[in-house]
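The next block holds one structure in the form of structure tokens; read it before the comments.
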Amino acid sequence: MHLIFILIFIFIVLSVLGKIAKAAKTVNTTAKKARRGTFNPLDGLGKVFNASARNEAWMKAAGDLGLSFIRPSTMYDNPSIAGRINGFEIYVTTERDPDQTVYRITFPKSIDIGFLAMRDKVLTMLNRQFSGRKRLEKILNLLPDNLINSAVSAYEEKSLTRFLTQERRDALLKCLKLYDTVKIDDNSITVTYDGIEQNPERLCARINTALMFARAFGCDVEPAGVSSTIPPESRKMPPASPNDIKVMPQPEPLSRNAPLREEQPVKKKETEPVIAETAPQTQPVSDNNLLRKEVLIPALFGSTFAGAKEKELFEKVKGRDVVWSGTVKSEYEFGMDFVFGSQGGVKTTLELMDIQQGTYSMKVKIKAVVCFPKEDLQKLRALNGKEITFSGILLKFEGFAKEVYLTSGKLV
């Protein structure tokens, strides 16, 4: 009888010890998961909300640009935006460890000269990409010495020189100065930003900026072997050929002196209307007319890249009052802003108009960023998505972002 009680007691003790050991193992596993950041339930909840906000922002940006949003299967998968704009393939996605947003624009046609231009914060990455390549940035005096961690290369120096027109040289320099991490090759431009982008306006602005550079490098690309097959004489002929065609056939049936006497008065008559035609072109650029949205916006943003001419033009109108119309896209209250300072107010973004930009007539949206008084916040929220008329003082313009900043905004 006593033996039975002893056996039962031993069984109970062993069961209790087993449960204690199992509980200790569970606590240890939980602690390890918590240290790795994979167990915290609040973390998981935060990730769900972040993924939802991110997806909403990416969906809005894709819709604004006429692109497709590819929703991730789970909150741990990467979202993406994809589609085409004027023949350029757009692809935006994210990467983890570290968090990054990657913008890739693929050209309609390959440059096909072995082109590679890069800037990277990690020097080892740059050296790896250019391993075995002849770096040409110093030979062609392309990049300033203070533009660190950047390099340019191609199969042949002649091909690169022919490809890099003055416009493309300027674009390349601006591109490598603007981005900390960028890669341009024969087929595409890839820009990488730190962090996962969750602002739809910034997404659109960054896609449009990368697309501007892609247009500079990827439009009307001349393959490396095409121009080399054209004799040098034929390159010089086109400017003189119209006059030669008109003059040369006439001396054959007639004397040489006769047509020469007839041509002189004709040339004098042609010069008169030319002078008359050029004069009216300067008349529309009056002070008041320049402040009109339909005049000033194309003048500021008509070129692919804003240069000295556009900056000089804006200086003439800076500080002037304008009355424009636009569609309200977003509005929020702020206390401190890099452009508007510490005055506080409601930072409102409005779509002003679409314009044809650059040599290749790409359609782009120009926006106004206006500082309204704080008391207008509720009114502006009610007007979101609607066209309004407003007044403001011209403060700044951003060529890359395609934005004009105005302060002292008022609803009209």
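Sequential numbering from 159 applies to the sequence shown in the numbering used here. Each residue gets a CB set at the ideal place from its N, CA and C atoms; glycine is no exception.
Alpha-carbon to alpha-carbon, residue j and residue i
{"i": "F558", "j": "I524", "result": "11 Å"}
{"i": "E556", "j": "F246", "result": "23 Å"}
{"i": "A372", "j": "W216", "result": "21 Å"}
{"i": "I164", "j": "L175", "result": "17 Å"}
{"i": "G376", "j": "L305", "result": "23 Å"}
{"i": "G477", "j": "L369", "result": "31 Å"}
{"i": "S461", "j": "E533", "result": "37 Å"}
{"i": "L223", "j": "L510", "result": "15 Å"}
{"i": "E214", "j": "V250", "result": "15 Å"}
{"i": "L284", "j": "L471", "result": "39 Å"}
{"i": "E489", "j": "Y313", "result": "50 Å"}
{"i": "W482", "j": "S289", "result": "54 Å"}
{"i": "R254", "j": "D479", "result": "47 Å"}
{"i": "V570", "j": "E545", "result": "12 Å"}
{"i": "I433", "j": "K467", "result": "Its pLDDT being 38, under 50, I433 is placed unreliably by the model, and the measurement read from it follows with that caveat. Roughly 24 Å between the two C-alpha positions."}
{"i": "N345", "j": "S268", "result": "5 Å"}
{"i": "A596", "j": "C362", "result": "Because the chain spans 159 through 570 in this model, residue 596 falls outside it and cannot be assessed."}
{"i": "A100", "j": "E325", "result": "An answer regarding residue 100 cannot be provided, because it is not within the stretch 159 to 570 covered by the chain."}
{"i": "L454", "j": "L448", "result": "5 Å"}
{"i": "Q287", "j": "R327", "result": "21 Å"}
{"i": "N244", "j": "D512", "result": "15 Å"}
{"i": "Y351", "j": "D495", "result": "21 Å"}
{"i": "K554", "j": "L298", "result": "35 Å"}
{"i": "G353", "j": "V171", "result": "55 Å"}
{"i": "I239", "j": "D343", "result": "21 Å"}
{"i": "S308", "j": "K296", "result": "11 Å"}
{"i": "F265", "j": "R242", "result": "10 Å"}
{"i": "S386", "j": "G272", "result": "Bear in mind that a pLDDT of 33 at S386, under 50, signals an unreliable position, so the number given afterwards is only what the model happens to contain. Cα to Cα, the separation comes out at about 16 Å."}
Coarse secondary structure for residue i, derived from DSSP in three states
{"i": "L172", "result": "helix"}
{"i": "E355", "result": "coil"}
{"i": "M511", "result": "strand"}
{"i": "D343", "result": "strand"}
{"i": "R286", "result": "helix"}
{"i": "A437", "result": "Unreliable positioning characterises A437 in this predicted model, as indicated by a pLDDT of 38, which lies under 50. A coordinate reading is not provided."}
{"i": "S500", "result": "coil"}
{"i": "K544", "result": "coil"}
{"i": "G221", "result": "helix"}
{"i": "A526", "result": "strand"}
{"i": "V570", "result": "coil"}
{"i": "T319", "result": "helix"}
{"i": "K521", "result": "strand"}
{"i": "I263", "result": "strand"}
{"i": "E533", "result": "helix"}
{"i": "R360", "result": "helix"}
{"i": "R293", "result": "strand"}
{"i": "S386", "result": "With a pLDDT of only 33 at S386, under the threshold of 50, the placement of this residue in the model should not be trusted, and no figure is reported."}
{"i": "C377", "result": "coil"}
{"i": "S210", "result": "helix"}
{"i": "E468", "result": "helix"}
{"i": "T367", "result": "helix"}
{"i": "E314", "result": "coil"}
{"i": "D338", "result": "coil"}
{"i": "I457", "result": "The question names Ile, but residue 457 is Ala in the sequence shown. It is helical."}
{"i": "I451", "result": "Here the sequence assigns Lys to residue 451, which means Ile is not the residue at that position. Three-state DSSP puts K451 in a helix."}
{"i": "P397", "result": "Low per-residue confidence applies at P397: pLDDT is 43, beneath 50, and the placement is therefore not dependable enough to give any value."}
{"i": "N446", "result": "helix"}
{"i": "L151", "result": "Nothing about residue 151 can be read from this structure; the chain reaches only from 159 to 570."}
6 Å Cβ shell around residue i - same chain, five flanking residues per side excluded
{"i": "G502", "result": "G493"}
{"i": "L535", "result": "E491, V504"}
{"i": "L541", "result": "V486"}
{"i": "A209", "result": "M233"}
{"i": "R291", "result": "S311"}
{"i": "T348", "result": "R262, K341"}
{"i": "T547", "result": "S483, V570"}
{"i": "T252", "result": "N236, T259, I354"}
{"i": "I168", "result": "none"}
{"i": "V562", "result": "A526, F555"}
{"i": "L331", "result": "none"}
Cross-strand partners of residue i (DSSP beta bridge)
{"i": "I239", "result": "F227, V250"}
{"i": "T232", "result": "Answer by DSSP bridge pairing: none, since T232 is not bridged."}
{"i": "W482", "result": "F548"}
{"i": "Q258", "result": "E253, D352"}
{"i": "L564", "result": "V528, L552"}
{"i": "S308", "result": "R277"}
{"i": "D495", "result": "G499"}
{"i": "Y490", "result": "K505"}
Neighbourhood of residue i by C-beta, 8 Å cutoff - its chain only, sequence neighbours within 5 removed
{"i": "L294", "result": "L300, V310, S311, A312, E315, L318"}
{"i": "L539", "result": "Note on identity: in this sequence residue 539 is Arg, with Leu being the wrong assignment. E489."}
{"i": "P256", "result": "D352"}
7 Å CB neighbourhood of residue i in its chain, flanking five on each side removed
{"i": "N366", "result": "V522, K560"}
{"i": "K218", "result": "P358"}
{"i": "D148", "result": "The first residue shown for the chain is 159 and the last is 570, placing residue 148 beyond what the model contains."}
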